[in-house]
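Accompanying notes for the structure given below.
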Amino acid sequence: MLVLLAYGIGSEARRAVNPADKVLPAPAQIVETAQRLITQPDKRSGDILFWTDTAASLERLGYGVAIAAGIALVFGLVIGILPIARTMLSPFVNVLSMIPPLAILPILFIMLGLGEVSKVALIAIGITPFLIRDLAQRVAELPPEQIVKAQTLGATSLAIGLRVALPQALPRLLGSLRLSLGPAWLFLIAAEAVAADAGLGYRIFLVRRYLAMDVILTYVIWITLLAFLLDLALRLVSRFAFPWAEEGL
Amino acid sequence: MSFVEVERISQSYGGRPILDRVSTSAEEGEFVSIVGASGCGKSTFLRLLLAQELPTRGRISIAGAPPAREPGPDRGVVFQRYSVFPHMSVRQNLVAASALGANFWGGLFGAKCKAAQKVADDALDRIGLAHVAHAYPSALSGGMQQRLAIAQALMARPKILLLDEPFGALDPGTRITMHAFLMELRAETGMTVFMVTHDLAEGFKLGDRVLVFDKPRWDPADPNAVGATITYDFDARDGGIPFQRLQETTHVPIEL
Chain C
15 MLVLLAYGIG
25 SEARRAVNPA
35 DKVLPAPAQI
45 VETAQRLITQ
55 PDKRSGDILF
65 WTDTAASLER
75 LGYGVAIAAG
85 IALVFGLVIG
95 ILPIARTMLS
105 PFVNVLSMIP
115 PLAILPILFI
125 MLGLGEVSKV
135 ALIAIGITPF
145 LIRDLAQRVA
155 ELPPEQIVKA
165 QTLGATSLAI
175 GLRVALPQAL
185 PRLLGSLRLS
195 LGPAWLFLIA
205 AEAVAADAGL
215 GYRIFLVRRY
225 LAMDVILTYV
235 IWITLLAFLL
245 DLALRLVSRF
255 AFPWAEEGL
Chain S
4 MSFVEVERIS
14 QSYGGRPILD
24 RVSTSAEEGE
34 FVSIVGASGC
44 GKSTFLRLLL
54 AQELPTRGRI
64 SIAGAPPARE
74 PGPDRGVVFQ
84 RYSVFPHMSV
94 RQNLVAASAL
104 GANFWGGLFG
114 AKCKAAQKVA
124 DDALDRIGLA
134 HVAHAYPSAL
144 SGGMQQRLAI
154 AQALMARPKI
164 LLLDEPFGAL
174 DPGTRITMHA
184 FLMELRAETG
194 MTVFMVTHDL
204 AEGFKLGDRV
214 LVFDKPRWDP
224 ADPNAVGATI
234 TYDFDARDGG
244 IPFQRLQETT
254 HVPIEL
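So the sequences go chain by chain: C and S.
Just so we're aligned, residue 15 is where the first sequence starts under the numbering used here, counting upward by one.
Just so we're aligned, residue 4 is where the second sequence starts under the numbering used here, counting upward by one.
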């Protein structure tokens with residue numbers, strides 16, 4: 015509330031000096047712009063750009079995060095359970111996670127083209143190492159008593175992985191996914207800013223040229239809302255699917 | 004040859020001897036309590052029995068089988084904590100006891116799953132946890148969790164049951180109920196049990212024998228030079244007083 019109030023005052027002050035000021039548009043103007051963006055189709059394509067942007071971005075984000083989660087689950091479990099895999103793969107993953115993902119964005123664009131694949135790849139590459147390390151850590155922290163108990167019940171390593179470690183790794187995976195959604199959005203918007211023809215990040219960087227602060231602010235608020243909703247959804251899924259993991263992740 | 008045969012096992016970590024030439028044996032159906040001061044190797048001894056670790060020297064053989072290289076279904080175990088799977092409900096924990104070892108991916112389907120559930124439900128009735136069958140272990144009291152852990156360990160029909168301070172984290176009242184529960188189960192199954200405990204009274208109350216682990220010699224210059232071994236092997240039947248049963252007929256009617 016205070017932030018909104020401060021914005022209102024700042025905006026008022028600037029427009030008192032220059033009524034055509036574009037840097038801090040009036041809240042009323044933002045609402046008006048938002049309404050126009052959400053409801054009115056683009057003159058040329060006939061689509062409502064706001065929604066096509068949202069769909070394009072969410073699709074990239076979804077693929078990227080899903081791929082990252084899948085890879086992380088497999089490698090996290092293997093590294094966490096098998097000591098051989100730990101000694102072989104763990105240093106590799108650690109080094110991999112040191113590479114700044116944005117620095118290899120040009121490589122991705124060169125290798126994978128400017129299409130969807132490179133953007134999805136950037137998101138996946140950006141958050142996978144973190145997810146792997148977090149999951150491996152969690153799996154390695156399982157009490158050895160549980161593993162021994164499973165062994166005395168006759169379980170093979172695969173059975174321990176599937177029936178003991180995997181179910182206990184899943185809520186942690188959701189938890190770390192929630193944490194890595196922030197970086198995922200960052201990579202998405204960065205990739206879209208560089209090369210795209212649709213997407214929330216693309217639109218923001220496009221209208222920046224016209225100093226269209228009202229559009230940018232609408233998009234920023236929308237992205238924040240989307241991120242919040244995704245986080246909430248993951249939290250609800252976690253609570254519904256894993257009621258036994260009582261500690262709040 | 005005895006059911007459990009321990010032959011001159013020694014264990015050392017990084018050159019520091021923990022156990023030194025421990026030899027003992029136990030008959031089938033015997034309840035052996037293991038007591039001793041902290042750090043005298045009684046938990047190490049249990050881990051060796053469990054085959055969670057391999058001894059530096061010596062061998063342990065159970066029911067004539069060659070020494071195991073890792074924990075298997077012929078040994079059942081209950082630890083002080085973390086002995087049940089937190090992500091499974093009470094019933095699922097018992098079903099998993101049958102399912103985990105059934106095949107290489109550890110799951111059961113169809114008729115076999117039904118059968119395992121039936122066995123699990125029977126066990127739940129017997130251990131008095133049927134009313135919490137669908138609760139998760141975190142919602143159970145410590146005593147209930149340990150009861151579940153013991154039942155789960157017994158589901159796999161192990162040859163020996165190993166208990167590592169199973170009642171150490173329980174309050175005294177619950178502990179006494181658990182003693183009764185354990186004795187009942189034992190009378191039913193005739194299981195060979197090894198139990199590590201800190202509580203001497205508990206060891207003598209439950210055990211047929213009480214093994215005491217201690218260092219036979221104490222080197223003041225280097226306290227870590229000598230490993231521990233079994234220093235006493237008490238007969239703990241009849242409340243720890245041997246020969247209190249009448250050994251000869253006195254022809255006098257006595258009331259027992």
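Idealized CB from N, CA, C, for every residue including glycine.
On a predicted model such as this, the values are computed, not experimentally measured, just so you know.
Quickly, what does DSSP pair S/R78 with across the bridge? List them, please.
If you number the second sequence from 1, residue 78 of chain S lands on position 75. DSSP output for S/R78 lists S/I163 as bridge partner(s).
So C/R186 is in the alpha helix (DSSP H); what residue range does that whole segment cover?
As a position in the first sequence, residue 186 of chain C is number 172, starting the count at 1. 180–208 is the span of the alpha helix (DSSP H), which, as asked, contains C/R186.
Alpha carbon to alpha carbon, how far is S/H134 from S/G17?
Translated into the one-based positions of the second sequence, residue 134 of chain S becomes position 131. Translated into the one-based positions of the second sequence, residue 17 of chain S becomes position 14. Going from the Cα of S/H134 to the Cα of S/G17 covers about 49 Å.
Please report the distance separating the alpha-carbon of C/S111 from that of S/S36.
The sequence position of residue 111 of chain C within the first sequence is 97, counting from 1. The sequence position of residue 36 of chain S within the second sequence is 33, counting from 1. Spanning the two alpha carbons is a distance of roughly 51 Å.
At least 3 beta-carbon pairs within less than 8 Å: the region 32–51 of chain S vs the region 200–215 of chain S:
yes
State the CB to CB distance for the pair S/A152 and S/S92, rounded to an integer number of angstroms; the pair is presumed to be in contact (CB under 8 Å).
On the second sequence, position 149 is the one that residue 152 of chain S refers to. On the second sequence, position 89 is the one that residue 92 of chain S refers to. About 14 Å separates the two Cβ atoms, so there is no contact after all.
Presumed contact (8 Å Cβ cut-off) between S/R212 and S/D174, rounded CB distance:
Working through the second sequence from its first residue, we reach residue 212 of chain S at position 209. Working through the second sequence from its first residue, we reach residue 174 of chain S at position 171. At roughly 27 Å, the Cβ-Cβ gap does not stay under 8 Å, so S/R212 and S/D174 are not in contact.
Quick one: using the 10 Å Cβ neighbour count with 16 as the cut-off for buried, is C/A210 buried or exposed?
Sequence index remark: in the first sequence, residue 210 of chain C carries index 196 (1-based). With 16 or more other Cβ atoms within 10 Å, it is buried.
Measuring straight from C-alpha to C-alpha, what distance separates C/G168 and C/V153?
Position 154 of the first sequence, counted from the start, is the residue given in the question as residue 168 of chain C. Position 139 of the first sequence, counted from the start, is the residue given in the question as residue 153 of chain C. Approximately 20 Å, taken between the alpha carbons.
With 16 other CB atoms within 10 Å as the buried threshold, where does C/A255 fall?
For the purposes of this step, residue 255 of chain C is identified with residue 241 of the first sequence, where counting begins at 1. So C/A255 ends up on the exposed side.
Going by Cα to Cα distance, which pick from S/Y235, S/T232, S/I233, S/N227 is closest to S/R19?
Stepping through the second sequence from its first residue, residue 19 of chain S is reached at position 16. Per the Cα distances, S/N227.
Supposed close pair S/L209, S/H182 - CB separation, criterion 8 Å:
Residue mapping note: residue 209 of chain S aligns to position 206 of the second sequence, counting from 1. Residue mapping note: residue 182 of chain S aligns to position 179 of the second sequence, counting from 1. Going by Cβ atoms, the distance from S/L209 to S/H182 rounds to 6 Å, so yes, they are a contact pair.
Beta-carbon spacing of C/I137, C/A198 below 8 Å:
Sequence index remark: in the first sequence, residue 137 of chain C carries index 123 (1-based). Sequence index remark: in the first sequence, residue 198 of chain C carries index 184 (1-based). Against a cut-off of 8 Å, the Cβ pair of C/A198 and C/I137 comes out as a contact.
Just to confirm, is the Cβ distance from S/M6 to S/T195 under 8 Å?
Within the second sequence, numbered from 1, the residue matching residue 6 of chain S stands at position 3. Within the second sequence, numbered from 1, the residue matching residue 195 of chain S stands at position 192. Correcting the residue type first, residue 6 of chain S is Phe in the shown sequence and not Met. For S/F6 and S/T195, yes; Cβs fall inside 8 Å.
Contacts around C/P39, its chain only, beta-carbon distance under 6 Å, and the 5 residues preceding and following it disregarded
Mapped onto the first sequence, residue 39 of chain C falls at position 25. Hits under 6 Å: M227, D228.
Cβ of C/G262 less than 8 Å from any chain S Cβ?
Indexing the first sequence from 1 puts residue 262 of chain C at position 248. With a pLDDT of 42 at C/G262, under the threshold of 50, the modelled position of that residue is not reliable, and the figure given next carries that caveat. Output row for C/G262: interface = no.
Looking at S/M147: is its Cβ nearer than 8 Å to the Cβ of S/A100?
What you label residue 147 of chain S is simply residue 144 of the second sequence in a count that begins at 1. What you label residue 100 of chain S is simply residue 97 of the second sequence in a count that begins at 1. Taking 8 Å as the Cβ cut-off, S/M147 and S/A100 do not qualify as a contacting pair.
Mind pulling the chain C residues with CB within less than 7 Å of S/F82?
Reading the second sequence from its first residue, position 79 is the one you call residue 82 of chain S. Within chain C, the residues near S/F82 are E159.
Could you work out which residues of chain C lie near S/E187, taking near to mean beta carbons separated by less than 9 Å?
In the second sequence, counting from the first residue as 1, residue 187 of chain S sits at position 184. Ordered by position in chain C, no residue passes the 9 Å Cβ test against S/E187, which lies about 22 Å from the chain.
Under 8 Å between C-beta atoms, does S/Y235 make it to chain C?
Counting from one through the second sequence, the residue named residue 235 of chain S turns up at place 232. It does not; no Cβ of chain C falls within 8 Å.
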